[in-house]
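What follows is a set of notes on a single structure, which appears directly below.
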Amino acid sequence: RNMLVDEGAYESRQFVSPKPAQNQHLKLIHCDDYLASLEKSAKLASIAEFPPLAMLPSFIVKNRFTVPCLYQVGGTILAGFLALENKWAISIGGGMHHAWSKGGGGWCVFSDIVLSYQHLRLAFPELVQRILIVDLDVHQGNGHERDKLLMGDGRSTVVTLDAFRPDIYPSDCEARGAIDIRVELSKDDTDEIYLDKVKNGLEKAESMKNDGNGKFDIVYYVAGTDILNCDPLGGMRISPEAVCKRDQMVWEMCSRESIPIVHVLAGGYTKPLSAKTVAKSILNLKEKGLLETKVKGNL
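If you use the numbering used here, the sequence shown closes out at 285, no skipped numbers anywhere.
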């Protein structure tokens, strides 16, 4: 956010600050037993995969870990409504794609993507009937995939494109059954190979408007930057320039088809390169005319 303001691309007033999600929002998909378990430090330590958290008082873990996650959920839910109104929204956060309605993992506590589109379905049942998830984080988005299977959504209602390395976390074979367009990545992929794989996946997704199930009503784009070279968890070697090009490809598809897009950041662990790459990509989207000035702002 500060980088975008410093570059003069946006003013502070153009950013919308979300409110933290409340229990009534979470209960739309999350079960009571799971939500109750989050009161325990040991449970949160397991989700964060950071055992020392279990030694801290629960109120400290809640304030430092759970509450920020609730703001991210609030941001993704709000982004869905803003995208329907303005054609796009970018949540500077969100994309907790390893969490599902009955559990969490990989630092992901709440299933914010599914929560967001379920709230849209509830509010606008005639408007939001078919959803496309484009998950380009290097890790498999097993959380939203598990929810898709649990809720009985098929490709007529939720289509999933997932580009990931199958040889790293989470290796969730059961959840892979929800993937409609599977794009396998390799640690040896160059920029050119990576972008070609993404392009082919997007072309398959775009062609599905002719499969008899109708057009997509909204796209959730999980724009992980953990594909960047030197990212400690991704193990890829993709350049910042290729990430910008990748994001542009997704947005251009949505622009061609006039589909609202919710853009969430997901994983990225190369500081400060990840943040700089995200800012650079958003600036590129604006320069390419993909961010309409009438929009109230990004989140």
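C-beta atoms are modelled at their ideal positions from N, C-alpha and C, and glycine is treated no differently.
request  = Pull up the DSSP beta-bridge partners for Ile245, would you.
outcome  = Residue 245 sits at position 259 when you count from the first residue of the sequence shown. DSSP, once it has assigned bridges, lists no residue as partnering Ile245.
request  = Measure the alpha-carbon distance for Leu113 versus Lys88 and round it to whole angstroms.
outcome  = Counting from one through the sequence shown, the residue named residue 113 turns up at place 127. Counting from one through the sequence shown, the residue named residue 88 turns up at place 102. Looking at the two C-alpha atoms, the distance is approximately 28 angstroms.
key: Span of the beta strand (DSSP E), counted from its first residue to its last, around Tyr207   = By 1-based counting over the sequence shown, the position of residue 207 is 221. Residues 204 to 208.
message = Here's the rule I'm using: 16 or more other beta-carbon atoms within 10 Å means buried, otherwise exposed. How should Cys159 be labelled?
response = The residue you call residue 159 lines up with position 173 of the sequence shown. The residue in question, Cys159, is exposed, as its Cβ has fewer than 16 Cβ neighbours within 10 Å.
query = Given that a residue counts as buried once 16 or more other Cβ atoms are within 10 Å of its Cβ, and exposed if not, what is Glu170?
reply = Here residue 170 refers to the residue found at position 184 when the sequence shown is read from its first residue. Glu170 is exposed by the Cβ-count criterion.
query = In the structure shown, what three-state DSSP assignment does Thr146 receive?
reply = Sequence index remark: in the sequence shown, residue 146 carries index 160 (1-based). Strand, per DSSP.
Segment limits, beta strand (DSSP E) that includes Ala22 = On the sequence shown, residue 22 is found 36 positions in, with the first residue counted as 1. First-last for Ala22: 18 to 23, but that is the alpha helix (DSSP H), not the beta strand (DSSP E).
task = Please name the residue, chosen from Ala209, Ser260, Val59, that lies closest to Leu101 on a Cα-to-Cα basis.
result = Counted from its first residue, the sequence shown places residue 101 at position 115. Out of Ala209, Ser260, Val59, Val59 has the C-alpha closest to the C-alpha of Leu101.
task = Starting from the Cα of Ser244, find the closest Cα among Ile99, Asn215, Val205 and give me that residue.
result = Within the sequence shown, residue 244 is the residue found at index 258, counting from 1. Closest option to Ser244, Cα to Cα, is Val205.
task = Name the two residues that bound the continuous beta strand (DSSP E) containing Arg(-13).
result = Translated into positions along the sequence shown, residue -13 becomes position 1. Looking at the DSSP string, Arg(-13) is not in any beta strand (DSSP E), and its letter there is neither H nor E.
4-residue-minimum alpha helix (DSSP H) runs that sit fully inside the segment 171 to 205, ordered along the chain = 177 to 193
request  = Put Ala289 into one of helix, strand or coil per three-state DSSP.
outcome  = Residue 289 lies beyond the stretch modelled for the chain, which goes from -13 to 285, so this question has no answer here.
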